[in-house]
Amino acid sequence: MLRSETYPSKPESRSKLYSLDYRSCDYIVELSCPLKSPCSTWDIEYVGSCNGLVCIIPDNEDIAYLWNPSTREYKRLPDNPYAIPDNFGFGNAPIVYGFGYDRVVENYKVVRMVSLYNDFSDEENYSEVSVYSLGLDLWRRVSNVPYESYFAVSGEFVSGALHWVVSDWSKQEGSIIVAFDISNEEFREIPEPEPEYRSGSFLITVRVYEGELCLICNYDDICVDVWVMKDYGIKGSWIKLFKFDQHTTIQSFVFVIPLCVSKSSEVLMVKDGKTFILYDPKRKRASNLTIRGLPDWFCAITYLETLVSLDTQQYSSGDTSNTQAADAEEAEVLALHPGYASSSSLDAVFERVIILKYCQRLSFEKKYADLSWEHLAWLLILSSWFSSLSSFTVLLYIDIAILMLTLSLAA
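As structure tokens, this is what we get:
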């Protein structure tokens with residue numbers, strides 16, 4: 000699935016969704032979006048996909064939806080009864096979601112983690128965690144944890160757990176990987192591989208690649224290392240899958256995200272939210288992938304094309320070629336998802352890519368779009384000066400820096 004971003008003078012009516020058969024990668028097909036009035040002008044954010052169901056949220060809204068793109072069923076989750084307190088920081092708490100499947104009780108769950116901190120009091124900082132159960136159709140608060148998510152990035156579901164890169168307030172440490180077991184609803188830390196470059200700064204993110212936990216280490220102006228954990232939970236099982244050198248393997252980039260393996264055994268990746276690239280691990284070469292109808296700015300995730308039912312409601316808003324699961328004849332083109340081929344709960348299991356087109360400016364750009372360059376520069380200086388107070392001001396610093404870079408590139 001893919002979502003894109005454009006920069007019109009006036010926002011488009013809504014985000015657009017597309018589907019891509021990643022085994023052929025020829026063209027994309029527009030899907031009907033389940034989010035209609037009153038949210039027709041909202042951007043959409045992905046939370047994740049599991050067994051053919053996709054969890055999405057309207058941008059800047061504390062509302063979640065479950066959706067099966069194949070059957071066109073969707074469900075709006077009930078409002079979370081645990082309101083976000085307003086007595087912290089600058090009144091802007093990072094909220095992250097995760098979506099996964101509990102094999103023990105055969106139930107889908109959505110997890111919400113809200114980071115709460117107050118720069119101007121002695122109260123202990125923490126994050127509130129609540130879980131929605133599809134089977135029970137209700138939210139429950141499960142725990143408070145000393146973790147803070149740096150960015151509003153959804154959890155990655157693999158090996159029965161959701162994974163985030165966070166900081167630990169109680170230990171005053173840098174980035175760590177935590178896993179939330181979707182069955183026992185408890186957190187644990189996941190060991191990381193030893194960094195190759197110990198000097199300078201680097202950014203780590205987690206993804207799921209070919210059914211395994213994937214760690215992406217982005218070393219500034221040097222390279223990007225992509226690791227996979229072969230034996231889940233064991234530090235020594237991290238294997239370096241790829242290494243991309245800046246300006247050599249791939250032309251200059253900010254980040255790359257591996258998605259899946261194409262029919263030709265090349266790795267399909269997203270580069271900087273603007274381009275699909277194919278990487279050949281044997282030849283260690285990458286090439287841009289031209290796809291008809293691809294939006295200018297987007298994000299993408301993989302999902303299974305299945306007939307899993309939500310037993311709720313359907314929507315109809317135009318024709319789409321993705322209203323049913325793929326026929327058995329397409330099995331040569333669409334890859335069977337490992338681990339689900341023998342599952343009796345899934346009638347058909349083919350993996351595709353969903354592409355989401357952004358209809359408004361990025362969230363950080365929306366915050367500061369009306370400010371002049373001079374005001375942005377002053378905000379950058381002030382936020383840097385106050386950055387020792389909390390990570391919120393660090394995020395403000397990053398927001399403005401990225402915005403200034405975006406504006407300079409668009410100029």
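Quick note: the sequence shown uses numbering that gives the first Met the number 0, first residue 0, plus one each step.
In this text, a Cβ means the ideal position worked out from N, Cα and C, and glycines have one as well.
Quantities reported herein were computed from a predicted structural model and do not represent experimental measurements.
To which residues of the same chain is residue i closer than 7 Å at the C-beta, ignoring the five residues directly before and after it?
{"i": "VAL144", "result": "TYR125, SER126, VAL128, PHE186"}
{"i": "THR274", "result": "ASN287"}
{"i": "GLY99", "result": "CYS49, LYS108, PHE156, LEU161, ILE181"}
{"i": "ASN106", "result": "SER132, LEU133, GLY134"}
{"i": "GLU265", "result": "LEU277, TYR278, ASP279"}
{"i": "GLU184", "result": "VAL130, VAL141"}
{"i": "GLU195", "result": "ASP224"}
Please list the terminal residues of the continuous beta strand (DSSP E) segment that includes residue i.
{"i": "ILE94", "result": "94-101"}
{"i": "TRP237", "result": "237-244"}
{"i": "TYR107", "result": "106-115"}
{"i": "VAL141", "result": "137-144"}
{"i": "TRP163", "result": "160-167"}
{"i": "LYS74", "result": "72-75"}
{"i": "LEU30", "result": "27-30"}
{"i": "ILE189", "result": "186-189"}
{"i": "SER128", "result": "What sits at residue 128 in the sequence shown is Val, not Ser. Looking at the DSSP string, the run of the beta strand (DSSP E) that includes VAL128 is 125-132."}
{"i": "LEU65", "result": "64-67"}
{"i": "GLU155", "result": "155-157"}
{"i": "SER174", "result": "174-180"}
List the whole-angstrom C-beta distance separating residue i from residue j, where the pair is believed to meet the contact cut-off of C-beta under 8 Å.
{"i": "LEU240", "j": "ASN217", "result": "Going by Cβ atoms, the distance from LEU240 to ASN217 rounds to 15 Å, so no, they are not a contact pair."}
{"i": "GLY54", "j": "VAL109", "result": "Note that residue 54 corresponds to Cys in the displayed sequence, not to Gly. Between VAL109 and CYS54 the Cβ distance is about 6 Å, and since that is below 8 Å, they are a contact."}
{"i": "ILE177", "j": "TRP168", "result": "As written in the sequence, residue 177 is Val, which differs from the Ile given in the question. Wrong, their Cβ atoms sit about 12 Å apart, outside the cutoff."}
{"i": "LYS74", "j": "TYR81", "result": "Rounded, the Cβ-Cβ distance is 20 Å, inconsistent with contact."}
{"i": "ILE290", "j": "VAL269", "result": "Not really, about 12 Å apart at Cβ, beyond 8 Å."}
{"i": "SER158", "j": "TYR231", "result": "4 Å"}
{"i": "PRO57", "j": "TRP138", "result": "The pair is not a contact, with the Cβ atoms about 18 Å apart (cut-off 8 Å)."}
{"i": "GLY47", "j": "GLY173", "result": "No, GLY47 and GLY173 are not in contact; Cβ-Cβ is about 25 Å, not under 8 Å."}
{"i": "THR305", "j": "SER69", "result": "6 Å"}
{"i": "LEU309", "j": "ASN79", "result": "In fact, because the Cβ distance is near 19 Å, the residues do not count as touching under 8 Å."}
{"i": "VAL307", "j": "GLY51", "result": "5 Å"}
{"i": "LEU303", "j": "ILE27", "result": "No, LEU303 and ILE27 are not in contact; Cβ-Cβ is about 18 Å, not under 8 Å."}
Per the DSSP calculation, residue i is bridged to which residue(s)?
{"i": "ALA285", "result": "TYR278"}
{"i": "ASP224", "result": "CYS216, LYS242"}
{"i": "LEU267", "result": "CYS259, LEU277"}
{"i": "PRO57", "result": "ILE43"}
{"i": "VAL205", "result": "LEU214"}
{"i": "LEU16", "result": "LEU30"}
{"i": "LEU52", "result": "CYS49"}
{"i": "GLU147", "result": "SER166"}
Report all residues from its chain with a CB closer than 6 Å to the CB of residue i; omit the five preceding and five following residues, and keep chain order.
{"i": "PRO7", "result": "Its pLDDT being 32, under 50, PRO7 is placed unreliably by the model, and the measurement read from it follows with that caveat. So no residue of the chain qualifies."}
{"i": "ILE94", "result": "VAL113"}
{"i": "SER387", "result": "At SER387 the pLDDT is 39, less than 50, meaning the model places this residue with poor confidence and gives no usable figure here."}
{"i": "SER142", "result": "VAL128"}
{"i": "LYS229", "result": "SER236, ILE238"}
{"i": "LEU212", "result": "VAL157, MET228"}
{"i": "VAL103", "result": "SER182"}
Counting only the same chain and skipping the five closest in sequence on each side, list residues whose C-beta sits under 8 Å from that of residue i.
{"i": "GLU418", "result": "Residue 418 cannot be examined here, being either before or after the span of the chain that is shown, 0 to 410."}
{"i": "GLU191", "result": "ILE175, ILE176, ILE203, LEU214, LYS234, TRP237"}
{"i": "LYS242", "result": "CYS222, VAL223, ASP224, VAL225, THR248"}
{"i": "GLU188", "result": "ILE175, ILE176, VAL177, ALA178"}
{"i": "VAL205", "result": "GLU155, HIS162, TRP163, VAL164, ILE176, LEU212, CYS213, LEU214, ILE215"}
Checking contacts by CB at 9 Å: is residue i closer than that to chain C?
{"i": "ARG206", "result": "Of the protein chains in the structure, only one exists, and it is not chain C."}
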